[in-house]
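Reading through the structure tokens given below for one structure.
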Amino acid sequence: MFSGIVEETGKILKKIFSNGVLRLRIEANKVFEDLKEGDSIAVNGVCLTVEKIEKNSFYVSLSKNTQKETNLGKINIGEKVNLERAIKVGERIGGHILTGHIDFQTPIYQIERHGNTAILKLKIPKEFEKYVVRRGNIGIDGISLTVSEIKNSIISFNLIPYTIENTNLKEKIPGNCVNVEVDIFAKYIEKIVREK
476 MFSGIVEETG
486 KILKKIFSNG
496 VLRLRIEANK
506 VFEDLKEGDS
516 IAVNGVCLTV
526 EKIEKNSFYV
536 SLSKNTQKET
546 NLGKINIGEK
556 VNLERAIKVG
566 ERIGGHILTG
576 HIDFQTPIYQ
586 IERHGNTAIL
596 KLKIPKEFEK
606 YVVRRGNIGI
616 DGISLTVSEI
626 KNSIISFNLI
636 PYTIENTNLK
646 EKIPGNCVNV
656 EVDIFAKYIE
666 KIVREK
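Residue 476 is where the sequence shown starts when you use my numbering, and the numbers rise one by one after that.
Dropping the structure here:
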């Protein structure tokens with residue numbers, strides 16, 4: 476489980492394809508404090524397993540399904556990714572609960588820059604609109620963001636300077652795809668209500 480509070484941005488150093496599996500080598504700094512092989516780590520919001528640690532980098536592998544359903548499948552060498560280690564029991568959760576299982580990816584519809592703040596807009600597929608509410612939380616590339624508006628299948632987020640400076644949103648432009656994870660609790664509630 477993750478909280479959507481990005482610890483740092485890493486950089487893609489290498490891509491290795493083998494038997495349908497994509498292996499990524501990612502450069503980082505902060506996450507190595509207690510990171511070990513076998514740990515879960517969120518990369519752009521995708522829960523992956525740390526397979527190997529080498530100098531200031533670590534390796535993860537993506538199945539065919541993960542390559543297809545997330546933006547990591549088409550990631551470029553040199554591109555920045557958001558990193559977060561799994562939550563420790565007993566620690567504060569600054570964002571909201573994220574599982575690291577992506578619901579869909581979508582291109583950025585618009586980014587309105589206003590000095591050192593911005594408004595991010597994304598199109599959301601109709602089947603996922605029911606899980607999104609104004610002032611609710613949603614995971615975008617592993618970042619816990621608050622929905623400021625929903626209108627005509629467009630969801631908007633107000634980005635503060637800290638979020639822009641400390642995530643890969645600083646480098647994103649319209650058309651770039653982001654990974655989206657809707658609120659897991661909304662899904663559970665839907666299932667309970669439907670079954671009753």
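A virtual CB, placed ideally from N, CA and C, is assigned to each residue, including glycine. No experiment lies behind these values; they were computed from the predicted model shown.
Short Cβ contact (8 Å threshold) for residue i with residue j
{"i": "G614", "j": "L573", "result": "yes"}
{"i": "L558", "j": "I516", "result": "yes"}
{"i": "Y606", "j": "A661", "result": "yes"}
{"i": "V525", "j": "G513", "result": "yes"}
{"i": "S532", "j": "R500", "result": "yes"}
{"i": "T545", "j": "N519", "result": "yes"}
{"i": "K601", "j": "S623", "result": "no"}
{"i": "V481", "j": "N651", "result": "no"}
{"i": "E508", "j": "H576", "result": "no"}
{"i": "D578", "j": "G611", "result": "no"}
Nearest neighbour of residue i, chosen from the options [CA to CA]
{"i": "H589", "options": "D616, P636, S628, F603", "result": "P636"}
{"i": "T638", "options": "S619, I625, S623, N654", "result": "S619"}
{"i": "E554", "options": "T592, T484, S538, D658", "result": "T484"}
{"i": "Q585", "options": "I577, D578, I594", "result": "I594"}
{"i": "V564", "options": "I599, K490, S478, V535", "result": "S478"}
{"i": "N591", "options": "N633, I659, S628", "result": "N633"}
{"i": "K491", "options": "E604, I550, K543", "result": "Per the sequence shown, residue 491 should be read as Ile rather than Lys. Of E604, I550, K543, the residue nearest in Cα terms is I550."}
{"i": "L682", "options": "S631, G611, L537, V657", "result": "In the structure displayed, the chain extends from 476 to 671; residue 682 sits before or after that span and is not available."}
{"i": "I568", "options": "M476, V668, T621", "result": "M476"}
{"i": "E587", "options": "K486, K596, T581", "result": "K596"}
{"i": "K530", "options": "A503, L644, E665", "result": "A503"}
{"i": "E648", "options": "H571, I664, I583, I659", "result": "For the sequence presented, residue 648 should be read as Ile rather than Glu. Out of H571, I664, I583, I659, I583 has the C-alpha closest to the C-alpha of I648."}
{"i": "V535", "options": "D658, K486, G570, I667", "result": "K486"}
Delimiting residues of the alpha helix (DSSP H) encompassing residue i
{"i": "T638", "result": "636-640"}
{"i": "I667", "result": "659-670"}
Helix, strand or coil at residue i according to DSSP, with G and I counted as helix
{"i": "G548", "result": "helix"}
{"i": "N633", "result": "strand"}
{"i": "N643", "result": "helix"}
{"i": "N540", "result": "helix"}
{"i": "K710", "result": "What the structure shows of the chain is the stretch from 476 to 671, and residue 710 is not part of that stretch, so it cannot be assessed."}
{"i": "E554", "result": "coil"}
{"i": "E502", "result": "strand"}
Unbroken beta strand (DSSP E) run spanning residue i, endpoints
{"i": "N519", "result": "Taken as a continuous stretch (DSSP letters only), N519 belongs to no beta strand (DSSP E), as it is neither H nor E."}
{"i": "S532", "result": "532-537"}
{"i": "G485", "result": "483-493"}
{"i": "N654", "result": "652-656"}
List, from N- to C-terminal side, the beta strand (DSSP E) runs of 3 residues or more that fit wholly inside the segment 556-630.
579-589, 592-598, 612-615, 618-626
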